[in-house]
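Following: one structure in structure tokens, then a few remarks.
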DNA sequence: CGCGTATTTGAGCATCATCAAGCGCCGTGG
DNA sequence: CCACGGCGCTTGATGATGCTCAAATACGCG
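As structure tokens, then:
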């Protein structure tokens, strides 16, 4: 997002920005806690979660490097932010950032378009949560992580794609609206059918990108 | 949203705006169809839906009067828009609207804040679709329709709230990620337990707003 | 009044949740 | 170096919730 700024503006922003580091599994910002800062993510992955009073949880978003964390023009964030991996942030005071948005029309434009894209992304996920079965959910998750973490290779259909999932099985379940046992079983099914290979820890190898894509985009053809 | 405009700007906008009327159940805009206009809703309710190649459908948003329809800064909308009831729109060419956004900072600001609110709303729905059971989904839907259609009375807990649901059972199911039979059964359960009264057609009377609220916000206490 | 559509109701079933072990990896400490 | 314990993950058995298929009923509209 900073690419929209002139060198001068960037310098000004840098003067008021500061870095933060977090270990994995750390709470960053909570519901009903006044947050007076926002940030862009330099490295790592952040979970945005919502939960019910009886403990049921839903991850409503995963933030990757270059994504934005925070809620300008509002004091309280409606979700909890937690690190999934180790994270580095580049933070600004919310007030400074809002001023910058107001002064720099291009930045506000960019921010607006991002917000609109986030609406679209959230609505895509609605379709997944409301209408897809466990198999399709897990396939879609793997594909979406592949795209996020390996944008270049994801396009290249031929080669095998090896990478580390950024989250635990529990988090996958909370993102997909499933239980972790179900996620585990579906991963096994994908393994058995030769579509993926699960390595040590969170490592995963996608052997057949097209098979995953068929499960996600053409559920009728895939089965 | 038009309240942010000066009389002069409003006049200018009116010069390029035009009205449209649609009967219930009519397609307004489709996926991959280039849409060169956008609109605010004057009356009626619009469904935004996404669907899979095998026919499974998910309603990803309901638009009420004063809501905005369209996707500025992008040619193609990622969803299908259909009327749920009879609808009146106030339309502008997309290009005109984009120009207006650029020229009028307050309007853009308002539009941005709306977009951010929509992200939050979509994420609330993620929690509902991913983690709530049929009972809670239906209760949440009724409550949310009550709030949308009767904002004043919804606050007043005492009196009984009578209104018409704006959508069919099928639509309710598509919005809640359920089958219409399940929706029907859950409505009956709510009726049997004295929380609501179902009248002719889509009429509904909420007898116990607090009971609904308990099901939605304190699921453990409610059962 | 009669037809088509929306809704309700019923019976059986599939998927995914739940409960309960068991396994493997890893860091700690003996 | 190995035993121990914790945690995340896998695997299995069982069951409930919500889906599917099917039919009846109610309703809106000509």
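Residue numbers (the working numbering), protein chains in the order written: chain S, 1 to 223; chain P, 1 to 223. Idealized CB from N, CA, C, for every residue including glycine.
In the DSSP assignment, residue 22 of chain P forms a beta bridge with P:87. Bridge partners of residue 47 of chain P according to DSSP: P:62 and P:82. Shortest Cα-Cα distance from residue 121 of chain P to any of P:95, P:148 and P:136 involves P:148. Nearest neighbour of residue 76 of chain S by Cα position, chosen from S:205, S:29 and S:91, turns out to be S:29. In the structure shown, the three-state DSSP call for residue 161 of chain S is strand. In the DSSP annotation of this structure, the continuous segment of the beta strand (DSSP E) that includes residue 206 of chain S starts and ends at 203 to 206. Taken in chain order, the complete beta strand (DSSP E) segments of 3 or more residues contained in the stretch 108 to 156 of chain S number zero; there are none. Of P:211, P:74 and P:145, the smallest CA-CA separation from residue 203 of chain P is found for P:145. Sequence-distant partners of residue 62 of chain S (beyond 5 residues in either direction) whose C-beta falls short of 8 Å from its own C-beta, in its chain, are 45, 46, 47, 48, 84, 148, 166, 167 and 175. Out of P:139, P:91 and P:162, the CA that lies nearest to the CA of residue 185 of chain P is found in P:139.
For residue 208 of chain S against residue 199 of chain S, the beta-carbon gap comes to about 16 Å, at or over 8 Å, which does not count as contact. In this chain, the alpha helix (DSSP H) harbouring residue 176 of chain S covers 169 to 176. Only 217, 218, 219, 220 and 221 from the stretch 188 to 222 of chain P bring a Cβ to less than 9 Å from some Cβ of chain S.
In the DSSP assignment, residue 198 of chain S falls within the unbroken beta strand (DSSP E) covering 196 to 198. At least 9 Å separates the beta-carbon of residue 21 of chain P from that of residue 58 of chain S. Sorting P:135, P:87 and P:51 by C-alpha distance to the C-alpha of residue 216 of chain S places P:51 at the top. Neighbours of residue 67 of chain P across chain S, judged by C-beta separation under 9 Å, do not exist; the nearest C-beta is about 13 Å away. Under a criterion of Cβ atoms nearer than 7 Å, no residue of chain P is adjacent to residue 144 of chain S; the nearest Cβ is some 14 Å distant. Between the alpha carbons of residue 91 of chain P and residue 137 of chain P lies a gap of roughly 33 Å. Bounds of any alpha helix (DSSP H) do not take in residue 218 of chain S, whose DSSP letter is neither H nor E. P:133 is the residue among P:87, P:133, P:14 and P:161 whose C-alpha sits nearest the C-alpha of residue 182 of chain P. Against chain P, the beta carbon of residue 37 of chain S has no neighbour under 7 Å; the closest one sits roughly 17 Å away.
Residue pairing for residue 92 of chain S: DSSP places it in a beta bridge opposite S:38. By the neighbour-count definition (other C-beta atoms within 10 Å, threshold 16), residue 53 of chain P is an exposed residue. Within the stretch 50 to 61 of chain S, those residues whose Cβ lies closer than 9 Å to any Cβ of chain P are, in chain order, 50, 51, 52, 53, 54, 55, 56, 57, 58, 59, 60 and 61.
About 6 Å separates the Cβ atoms of residue 94 of chain P and residue 72 of chain P, confirming a contact at the 8 Å cut-off. For residue 120 of chain P, the chain S residues whose C-beta falls within less than 7 Å of its own C-beta are 78, listed in chain order. Here DSSP, grouped into helix, strand and coil, assigns residue 13 of chain S to helix. Shown in chain order are the members of the stretch 128 to 140 of chain P whose Cβ falls below 7 Å from a Cβ of chain S: 129, 130 and 131.
The Cβ of residue 96 of chain S sits no closer than 9 Å to any Cβ of chain P. Burial state of residue 106 of chain P is exposed, judged by a 10 Å Cβ sphere holding fewer than 16 other Cβ atoms.
Under DSSP, residue 29 of chain S takes part in a beta bridge, and its partners are S:81. Beyond the five residues adjoining it in sequence on each side, residue 109 of chain P comes within less than 6 Å, by CB distance, of no other residue in the same chain. Assignment of residue 73 of chain S by DSSP, reduced to helix, strand and coil, places it in the coil class.
Distances from the alpha-carbon of residue 172 of chain P to those of P:162, P:160, P:163 and P:187 put P:187 closest.
A straight line joining the alpha-carbon of residue 197 of chain P with that of residue 214 of chain P spans about 18 Å.
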